[in-house]
Structures are given as structure tokens and as C-alpha cells.
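First the structure, in the form of C-alpha cells, and then the observations on it.
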Amino acid sequence: MGRAVTVATCALNQWALDFEGNLERIVRSIDIARSRGARYRLGPELEICGYGCSDHYYESDTLLHSFQVLEKLLESPATQDIICDVGMPVLHRNVRYNCRVIFLNKKILLIRPKIALANAGNYRELRWFTPWSKARHVEEYFLPRIIQEVTGQETVPFGDAVLATKDTCLGAEMCEELWTPNSPHIDMGLDGVEIFTNSSGSHHVLRKAHTRVDLVNSATAKNGGIYILANQKGCDGDRLYYDGCAMISMNGETVAQGSQFSLDDVEVLVATLDLEDVRSYRAEISSRNLAASKVNPYPRVKVNFALSCPDDVAVPTCVPIQWRYHSPEEEISLGPACWLWDYLRRSKQAGFLLPLSGGIDSSATACIVYSMCHQVCLAVKNGNADVLADARRIVHDETYIPEDPREFCKRVFTTCYMASENSSQDTCNRAKLLAEQIGSYHINLNIDVAVKAVVGIFSMVTGRTPRFSVYGGSSRESLALQNVQARIRMVLAYLFAQLALWARGMPGGLLVLGSANVDESLRGYLTKYDCSSADINPIGGISKTDLKNFIQYCIENFQLTALRSIMSAPPTAELEPLVDGQVAQTDEADMGMTYAELSVYGKLRKIAKAGPYSMFCKLINMWKEICTPREVASKVKHFFRMYSVNRHKMTTLTPSYHAENYSPDDNRFDLRPFLYNTTWSWQFRCIDKQVNAL
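Residue numbers (UniProt numbering): 1 to 694.
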């Protein structure tokens with residue numbers, strides 16, 4: 001009868017402007033799909049050029065090289081007898097569109113431009129592309145000569161249409177279109193489309209996976225049908241980690257699930273599904289059928305090809321499965337670890353250097369690197385030849401096989417405890433013990449000589465010697481002396497990153513890792529150009545609360561017992577003098593707020609779009625059991641003063657893994673002024689008026 005269709009989707013670790021590598025991964029995914037019997041293959045959004053090209057989309061070279069890759073794909077034997085759906089930018093009548101190019105046997109069937117562009121948060125698609133606004137309209141697209149010579153076609157359909165094969169009907173959505181209130185799959189389903197496809201460039205955020213899965217399943221729960229989602233995976237060249245999760249759903253239930261985090265550059269999902277299950281599911285939904293009888297039809301591109309075989313009665317079909325979600329702690333362990341691996345291998349460096357203070361933040365960063373080493377060893381054990389080749393190149397040993405995470409960690413990870421006269425023996429011991437347990441190459445050094453030399457230059461020039469406040473100095477003097485220590489640590493970190501391997505007789509350099517969490521960045525509780533300034537920061541988008549939970553996860557899953565004492569110690573910068581040999585300075589006392597409060601402020605400021613007055617109004621209800629309105633007002637004012645005074649620090653914030661939707665990243669996610677009127681006079685007056693009324 002021709003009812004069992006076999007379709008494939010994939011998650012590809014594409015890299016912006018890596019046309020050669022992107023082509024190889026696309027071809028490999030098509031080969032795998034064909035070998036497993038698929039008759040249709042879907043790839044991620046803009047997979048030919050890579051999603052994160054940003055302003056390179058303006059360049060004609062990006063368009064040219066995308067068509068050159070398309071030419072190779074059309075000519076490849078791998079693409080014969082399978083409908084291939086690939087993503088690339090296309091210029092139509094001098095307007096640039098984000099498109100799907102769907103082809104079969106050297107013939108382009110349809111170029112489908114994106115209708116709804118992602119333009120919030122990290123996304124800026126409207127900067128580079130124009131949405132296709134002509135619903136159910138198709139125009140002629142004149143192909144470039146290099147494509148005409150392969151296909152023999154002068155023009156092909158371009159626009160909002162669907163494909164009608166000999167056995168079914170397919171319609172395409174693209175990423176953001178699934179998330180819009182009036183998604184195209186609604187009307188396409190009413191018009192008889194049975195298979196919906198979605199090519200995505202969707203990045204990881206903690207606790208986001210269930211939202212994406214629910215959207216896909218709900219797309220076919222009310223309307224019936226098969227939904228196929230492909231996604232980018234890995235580090236595309238910036239702060240985002242695209243987290244795969246390719247999936248196939250039918251009639252509201254998941255039938256195939258891809259991994260969210262892995263080091264596999266190519267992952268292909270294949271499912272065989274019965275079209276009659278879709279038809280019978282729809283048959284009894286009378287409200288759906290009434291709406292379908294009135295729908296405005298889509299243009300159909302007829303395709304002389306079937307996704308099923310004539311005699312398929314005995315072909316087994318897929319059954320629903322339960323989606324397995326990662327806990328937030330697992331997400332922190334896996335997502336940033338995969339991002340670090342991509343950054344390390346693609347930057348062609350020899351490893352990482354981390355200033356390890358013995359506190360929660362730098363220890364969490366160290367644990368993420370250790371998790372990366374675990375992932376590498378596991379991938380090699382499972383036969384991943386790409387990971388093995390990368391590992392050998394990184395350690396400069398063509399015979400090396402990473403089998404033990406601690407041993408691999410020793411080769412690629414250097415930790416450095418930078419003591420001063422204000423450092424306690426406790427933090428030194430904690431850092432040393434953790435380094436031993438994860439296997440990093442650990443360095444202990446003292447920065448006092450350098451600090452005294454820098455302060456000595458100032459004293460020699462000015463004739464004045466600054467003092468800490470505990471010795472009678474002003475707060476200005478004390479803060480300046482703390483900042484000198486912090487900044488010297490950054491200078492030494494880069495010196496050791498460049499020359500530590502040279503001193504050991506080994507080739508290559510190291511990437512410096514930062515370890516400021518998202519809450520400290522939001523509050524500005526960091527020294528500009530201190531150790532928060534690094535090459536990359538895997539925890540810069542993660543809250544202190546989540547990091548503490550992650551540390552507990554590492555104690556239990558990696559048996560890192562050194563973390564117990566780190567968890568129990570109060571967070572401290574250790575920049576002020578010790579009192580009786582003990583740390584007197586703590587982070588929360590310095591900040592004038594707790595980390596838990598900071599997370600609340602951050603979510604209200606960014607996610608709830610609350611200014612000072614709105615934040616106050618929300619918090620007097622949220623905190624009514626623990627704070628008076630006057631206390632809430634004081635806390636809100638203090639936060640906004642410190643946030644605005646320190647906002648300039650965000651302009652130099654180290655590129656961080658994006659994991660939270662209240663990140664203060666100034667690059668493109670959280671666009672704000674960095675010179676504020678920090679009195680907030682009008683806003684605070686509104687708060688005071690409300691306090692008096694209450």
C-alpha cells in the first residue's frame with residue numbers, strides 16, 4: 001500500500017564559515033541516513049555556512065561559497081534517491097533570505113524562505129535576513145549558473161509551498177516558526193500535510209529542553225501528523241552551545257530522541273512510521289476536519305518519488321518512547337564541558353590554565369574541565385575517531401589514546417594557586433587537594449613580591465603609601481590594594497598560559513579560563529581586568545545556587561571528596577588582611593546582599609523586564625513574610641546602585657557559556673547603557689512614595 005515512511009533527522013556540529021568541514025558532515029549524515037533506509041533527510045538551520053556567521057551574512061562570499069557547497073551536494077552520489085533538505089542563505093531579487101533548499105536526484109524541488117525570524121535574546125536574524133511575508137505564494141527563482149549546469153534547471157519554485165510526493169505531503173517550518181503563536185504547521189496540517197519538518201539553530205539554556213519537546217509534541221497532538229526536528233549542536237564559534245535534541249514525534253508522542261550533549265560531530269536519527277496512524281488519528285477529530293474544510297490551500301510541488309515502498313506490510317514501525325531529561329546539575333556537567341572541548345580543539349591550543357583559588361567558582365570550573373576529560377575518554381572508548389584524532393593533536397602524540405580522565409587532565413589542564421599574604425592555608429590546601437583528585441598539573445606560587453613592586457612604584461612617584469582599612473587606611477586605599485592583587489593574578493595567569501608548557505619542554509600554549517559566575521557579574525562584584533578577564537568562562541552564565549548544587553553532584557558522581565570542605569567554606573575573595581590567621585572578608589558581606597537575593601534581582605531585571613519601581617512592587621509581595629516594605633526598598637535601591645555603578649565592567653566581560661536567561665552579557669544578549677545616572681532619583685522617589693503610603 002505504501003504506508004510505512006522512513007525519515008531521518010540529524011544534529012550536526014557545524015562551524016561558522018567552515019564550508020569544507022560543514023560539507024563533510026552534511027554528506028556523512030546523508031550517507032548514514034541512506035544506509036539506514038531513509039528516503040528523506042533533514043538537516044539543521046543554515047547548516048551549509050553555519051548558523052553563527054553574524055555580519056558575514058552581508059558578504060557576497062558567504063552566498064557564493066554556500067552555493068558552491070550546494071553544487072558539491074547535488075553532484076554527490078550520497079544524495080541520490082533520497083530527498084535532501086539543507087539550509088543556506090539565498091539572495092532573491094536582491095533580498096537575503098534564510099532558506100531551506102530541498103532537492104532530489106540533482107533537481108531542486110523547492111527553496112523555502114523562513115517566515116518568522118528569531119530576533120530576541122541572543123538572536124538577531126532581522127539584522128541579516130528578511131522574513132518571507134507572502135503566505136502561500138510562490139515565485140520563480142533564477143538559479144546561479146554553477147547550479148544550472150548541474151541540475152539543468154533555469155528556475156525553481158521559491159516561496160511558501162509544500163511537497164506532494166506519491167504517498168504523502170511534507171511541509172517545512174524553521175526554528176522560530178515552531179515558537180510563534182500561529183505556527184505554519186497549524187494551517188499546513190489542516191491542508192493535509194502529514195509530515196512537518198523543522199530545521200533549528202536552538203541553543204542550550206538550563207531547564208529549557210522540556211519546553212522544546214513539549215512544543216514539538218503539542219504540534220501534532222491537536223492536529224495529528226509526524227514532526228521531525230533537526231538542530232545544530234556544539235560551539236559554532238561564540239558564546240552559545242547548540243544542544244542537539246534532534247527528535248521525531250507522531251500524534252503528540254515522541255518516537256525518537258537524539259542526545260542533548262555529546263562529542264559526536266554527526267548524529268542521525270531514523271524512524272519508520274505508518275502514515276495510516278496519522279490518517280486514523282485525524283479522522284475522529286471532527287473540529288479539526290471542519291476547520292480543514294475551510295482552509296486556504298498551499299501551493300503543492302509535485303514530486304515523482306515515494307517515502308515508502310509498495311510492499312511494506314511487514315515493515316516494523318517505531319513506537320512511542322519516554323523522553324529522558326537531564327537534571328540541571330547534569331546539564332552543567334555536560335553542556336559547558338562539550339563547549340570547552342569544541343573551543344579547545346578548534347582554537348588549536350594545547351589545553352587550559354585556571355587560577356584555582358580553592359573557592360566554589362574556580363572549583364566548579366575545574367570540575368567542568370574534569371567532566372570534559374571524562375567525555376573525551378568515553379567518546380574514544382565508544383569508537384569516536386574524530387575525538388581521538390583531536391586528542392592526539394592537542395597532546396602532540398600520534399599514538400596516544402586517552403583512557404583515564406585523570407591522566408588526560410594532567411596533559412591538558414594546568415591549575416595555579418596564586419597566594420598572597422592575605423591568603424589562608426585552608427584555601428591553599430583545598431586547591432591542592434582538588435587538583436590532586438582531578439589530576440591537573442598544579443602550580444603553587446606567591447604574588448607578594450609583584451604586589452609590593454607595583455605599590456612601591458606608586459609610593460616612589462607620589463611619596464604616599466596606601467594602607468588597608470584595618471591598618472587605618474581609607475576605603476579607597478583598601479580597594480586599590482585589593483585590585484592590585486587581583487590584576488597581578490591576571491597578568492601572571494597569561495604569562496604562565498603562554499610559557500608554562502615551554503618551561504616543561506612541551507609545545508603549544510594554554511587558554512586561560514575565567515570563573516566569575518552570573519550573579520557576581522550582574523552585581524559587578526569583580527575587579528575589572530582581574531582573573532575574571534580570561535579567554536573564555538564556562539560558568540559565566542550560571543548562578544551561584546546552581547553551582548553549589550553542581551558541586552554536590554560532583555562529590556557524588558566523580559567522588560571528588562575535596563569539594564566537601566570547599567562547599568562548607570564561606571565564599572571569599574581573600575584580598576584583605578587575615579585576622580589572627582583567619583579570613584575576615586566574605587563575598588556576601590562585601591556585596592551587601594546574598595547570592596540568593598542576587599538571583600532574584602537578576603531574573604526580575606532581565607526576564608520580568610522590571611525596573612527599580614516594578615521590582616520593588618513585585619518583591620514586597622514575594623518577600624512579605626521576611627521583609628518590611630522599607631527593607632525591600634532599601635535592598636532594591638542598593639542593588640540598582642551597585643548594578644549601575646559597575647555596569648561598565650560588562651563591556652569587557654570574558655566570553656561566557658550562555659546558560660541563564662538573566663545573563664548580563666553586554667555583547668548581544670543584554671543591551672544596556674554602561675554610563676548610568678546612578679542616583680535613579682525619579683525611580684527611587686516613586687519607591688519612597690509607595691513605601692510611605694504603605
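Every residue gets a Cβ at the ideal spot worked out from N, C-alpha and C, and that includes glycine.
Proximity of residue i and residue j at Cβ, strictly below 7 Å
i: Ala271; j: Val255; result: yes
i: Leu104; j: Ala161; result: no
i: Asp265; j: Asn13; result: yes
i: Phe640; j: Trp680; result: yes
i: Gly201; j: Cys175; result: yes
i: Gly225; j: Val278; result: yes
i: Arg523; j: Leu598; result: yes
i: Thr654; j: Ser515; result: no
i: Leu604; j: Ala596; result: no
i: Pro571; j: Arg489; result: no
i: Ala350; j: Leu501; result: yes
i: Tyr370; j: Ile438; result: yes
i: residue 768; j: Gly159; result: As shown, the chain starts at 1 and ends at 694. That puts residue 768 outside it, with no answer to give.
Residue(s) in a DSSP beta bridge with residue i
i: His442; result: Thr415
i: Gln232; result: Leu12
i: Leu354; result: Thr415
i: Met642; result: BP columns for Met642 are empty, so no partner.
i: Arg96; result: Leu91
i: Ile248; result: Ile228 and Ala256
i: Phe158; result: Ile111 and Glu139
i: Val449; result: Paired residue(s): none; Val449 is not in a bridge.
i: Leu104; result: Lys107
i: Lys302; result: Ala164
i: Asn549; result: None; Asn549 has no bridge partner.
Exposure of residue i, with buried meaning 16 or more beta-carbon neighbours within 10 Å
i: Leu240; result: buried
i: Asn94; result: exposed
i: Tyr343; result: buried
i: Lys544; result: buried
i: Ile457; result: exposed
i: Thr9; result: buried
i: Thr651; result: exposed
i: Val376; result: buried
i: Pro402; result: buried
i: Tyr471; result: exposed
i: Gly383; result: exposed
i: His374; result: buried
i: Thr211; result: exposed
i: Asn223; result: buried
i: Arg411; result: buried
i: His442; result: buried
i: Val313; result: exposed
Distance between residue j and residue i (C-alpha atoms, nearest Å)
i: Ile607; j: Glu576; result: 35 Å
i: Asn289; j: Ala116; result: 26 Å
i: Tyr58; j: Lys114; result: 17 Å
i: Asn296; j: Asp187; result: 8 Å
i: Glu660; j: Asn667; result: 15 Å
i: Ser424; j: Gly358; result: 10 Å
i: Gln153; j: Asn98; result: 22 Å
i: Pro673; j: Ser656; result: 20 Å
i: Ala486; j: Pro328; result: 31 Å
i: Asp361; j: His185; result: 44 Å
i: Val449; j: Arg346; result: 37 Å
i: Pro612; j: Thr678; result: 12 Å
i: Ile48; j: Lys134; result: 25 Å
i: Val632; j: Gly473; result: 32 Å
i: Leu46; j: Gly37; result: 25 Å
i: Pro538; j: Ala337; result: 8 Å
i: Cys367; j: Phe19; result: 34 Å
i: Ser66; j: Trp132; result: 20 Å
i: Leu73; j: Ile147; result: 11 Å
i: Cys245; j: Pro299; result: 31 Å
i: Asp311; j: Ile285; result: 29 Å
i: Gly252; j: Val86; result: 26 Å
Let me know the alpha helix (DSSP H) ranges lying completely inside the segment 120-154, each 4 residues or longer, listed in chain order.
-> 125-128 and 145-151
Which parts of the segment 563-630 are runs of the alpha helix (DSSP H), unbroken and 4 residues or longer, counting only runs that do not cross its ends?
-> Within the segment 563-630, the complete alpha helix (DSSP H) runs of at least 4 residues are 563-568, 587-591, 595-602 and 612-622.
Pick out the complete alpha helix (DSSP H) segments inside the segment 504-530, 4 residues or longer, and give them in chain order.
-> The segment 504-530 contains these whole alpha helix (DSSP H) runs: 518-523.
Return the chain-ordered ranges of every beta strand (DSSP E) run that is complete within the segment 321-378 and spans a minimum of 3 residues.
-> Taking only runs of at least 3 residues, the beta strand (DSSP E) segments lying wholly in the segment 321-378 are 352-355.
Complete runs of the alpha helix (DSSP H) confined to the segment 30-76 [at least 4 residues] = 60-75
Just list the alpha helix (DSSP H) runs in the segment 656-687, keeping only unbroken ones of 4 residues or longer that don't cross its boundaries, in chain order.
-> none
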